[in-house]
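Numbering (this note's numbering), first residue to last: 762 to 1020.
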């Protein structure tokens, strides 16, 4: 089965992550590859990036994001479900934006990753591939989402100070996202934690379909793989310095966490 056509009422849903590197591409791909399900991929990130590039003010960018949301909510759902995949950090007025989604009975799925240090390392490795500074750049269709039939990117140096800084950014974004979710989604949400998704992707993806009231395809497509190893010693060429500085920063607990 490759459709959700047994379901009766069209559904609007939200995939919300603090930032990237939490497995959101795996979740969105499973949904978007199912007949009758449409997902807009990070429209608020695009609006913010283009707005900054064009010299728009923060208020103007925020207004453009709300206009995009209003357009999404005003369009009839074609098929069985329509969703938004968003980065919390991209939202200029997150409470206003998410409250409108809640008022429209949008079903929220929150995607998180407890190990913020590995979020940071994964972000820096993907960024190096994207800008061509990594030794193996150019070997993947997308440096941000490595497919199962592609090789895992190899070891590379990591800017330790930047990794520590980004770990804090990820933690702040997740804390803010969860705090706001408690206020604007009183009916609750479905949470996908990266460690569970990495360990049992088909099971976790099936739970997302169930939360949305949709019939999953059989089999559920799992098209991406982890791009950073559980053991960071194999992925960071300057691991000795990395380990020492991370421990000095009080983040040593994340080094032994396998995901």
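Positions of the beta carbon are idealized from the N, C-alpha and C atoms, including for glycine.
- Around the Cβ of residue 795, a 10 Å sphere holds 16 or more other Cβ atoms; the residue is buried.
- Take the alpha-carbon of residue 830 and the one of residue 987: they are about 31 Å apart.
- Residue range 798-802 is occupied by the beta strand (DSSP E) that includes residue 800.
- The criterion of a C-beta distance shorter than 8 Å is satisfied by residue 853 and residue 826.
- Each residue's CA atom was taken as its position, placing residue 809 and residue 818 some 10 Å apart.
- Judged by DSSP in its simplified three-state form, residue 1014 adopts helix.
- Between the beta-carbon of residue 972 and that of residue 870 there is about 7 Å, and that keeps the pair under the 8 Å contact cut.
- Apart from the 5 residues on each side of it in sequence, residue 945 sits with its Cβ closer than 7 Å to the Cβ of 856, 859, 860 and 863 in its chain, given in chain order.
- Its Cα nearest to that of residue 802, the residue 845 stands out among 845, 782, 880 and 779.
- The C-beta separation of residue 906 from residue 786 comes to about 4 Å, placing the pair in contact by the 8 Å criterion.
- As the crow flies, the alpha-carbon of residue 1010 is around 35 Å from that of residue 812.
- Annotated three-state conformation of residue 872 is strand, per DSSP.
- In this model, residue 948 and residue 938 are separated by some 16 Å (Cα to Cα).
- Per DSSP, the continuous beta strand (DSSP E) segment holding residue 778 begins and ends at 772-778.
- The continuous alpha helix (DSSP H) containing residue 835 extends over residues 819-835.
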